[in-house]
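In the numbering used here, each residue's number is its place in the sequence shown (first place is 1) plus 411.
Beta carbons are placed, not taken as given, at the ideal position from N, Cα and C, and that holds for glycine.
Note that the structure is a prediction, hence the values are computed from the model and not measured.
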Amino acid sequence: MKQSWPLAQMGLGAAVVLVAVVGAALMGLNAIISVVLAALVIGGAVLIGLRRGDLTGTSGGRFARHLALTAAAVFVLIQLVPYGRSHANPPVTGEPQWANDETRELMVRACFDCHSNEVVWPWYSNVAPLSWAVQRHVDEGRDEVNYSEFDQDQGEADDTIETILDGEMPPGYYTRFGLHSAGDLTDEEIDILVDGLRATPGLDEQDDDDHDDDDDD
Ligand code: HEC
């Protein structure tokens with residue numbers, strides 16, 4: 412027996428996956444988790460359609476409604492996951508000897524939300540799956556370098572200036588969609604920051620790696 416493909420439904424399913432993948436890339440969500448969530452939504456909608464026997468209507472309108480329903484259910488259910496809710500800020504035990512106040516202020520604006528124990532948790536850090544993404548960025552960020560625990564060895568601290576000059580940090584998703592506009596430093600502010608960081612011990616690679624930093628004083 413020949414069965415025609417439910418094209419509208421497949422298109423809708425593909426759209427859900429696309430939104431998940433693109434959304435994850437733009438917002439710094441984990442792509443695998445995002446696709447799993449999309450699969451749950453689609454799987455749920457297919458199940459509802461199968462049970463009601465209306466999965467393969469030609470317009471796909473019913474399927475779209477079922478997708479909306481399962482999306483809402485998945486959204487509510489994932490709020491029960493405890494990961495990302497603690498919003499902890501451990502004690503500050505030591506900071507770099509900042510060259511001046513402005514250096515610290517620019518670092519706070521652009522970096523401290525992931526690399527410090529003074530994270531300002533945004534409202535959406537209460538809403539899964541965004542809360543998971545924020546938690547992961549903070550966990551991984553603190554792991555690389557924590558400017559609030561500078562009394563201990565901070566492995567990647569000597570890459571600080573380099574990541575800024577390369578435009579790697581802060582990450583693109585941090586300031587996308589007008590989020591954290593204070594962390595979106597202008598070229599002038601970056602110049603001021605890098606000058607200050609060069610005059611702050613422990614943040615440059617010049618000790619172990621002699622690249623073209625000949626303008627150092
Ligand atoms: C939104 C969170 C976030 C912000 C804001 C942020 N970082 Fe990061 N940073 C991360 C994450 C996550 C990693 C680890 C993964 C990676 O390297 O992309 C990281 C890695 C790093 C590393 C180690 C990577 C390497 O190549 O050695 C340095 C150094 C760093 N960040 C410095 C900074 C500085 C300086 C700022 C501010 C100008 C900043 N970061 C802002 C999240 C952030």
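- Counting other Cβ atoms within 10 Å of its Cβ, A593 stays below 16 and is therefore classed as exposed.
- Taking a contact as a CB-CB distance under 8 Å, the pair A435 and S445 counts as one, their CB atoms being some 4 Å apart.
- Nearest to Q565 by alpha-carbon distance, out of Y585, T504, L418, A539, is T504.
- Comparing alpha-carbon positions, the option among L590, I443, G464, A475 lying closest to A426 turns out to be A475.
- By the Cβ criterion, the segment 531 to 540 is not in contact with the segment 568 to 579, since fewer than three pairs of Cβ atoms, one from each stretch, lie closer than 8 Å.
- Note on geometry: alpha-carbon atoms of L590 and G583 lie some 10 Å from one another.
- Contact check between the segment 548 to 567 and the segment 522 to 530: three or more CB pairs, one atom from each, fall below 8 Å, which counts as touching.
- For F588, no alpha helix (DSSP H) segment is defined, and its DSSP state is neither H nor E.
- For H548, the enclosing alpha helix (DSSP H) begins and ends at 541 to 555.
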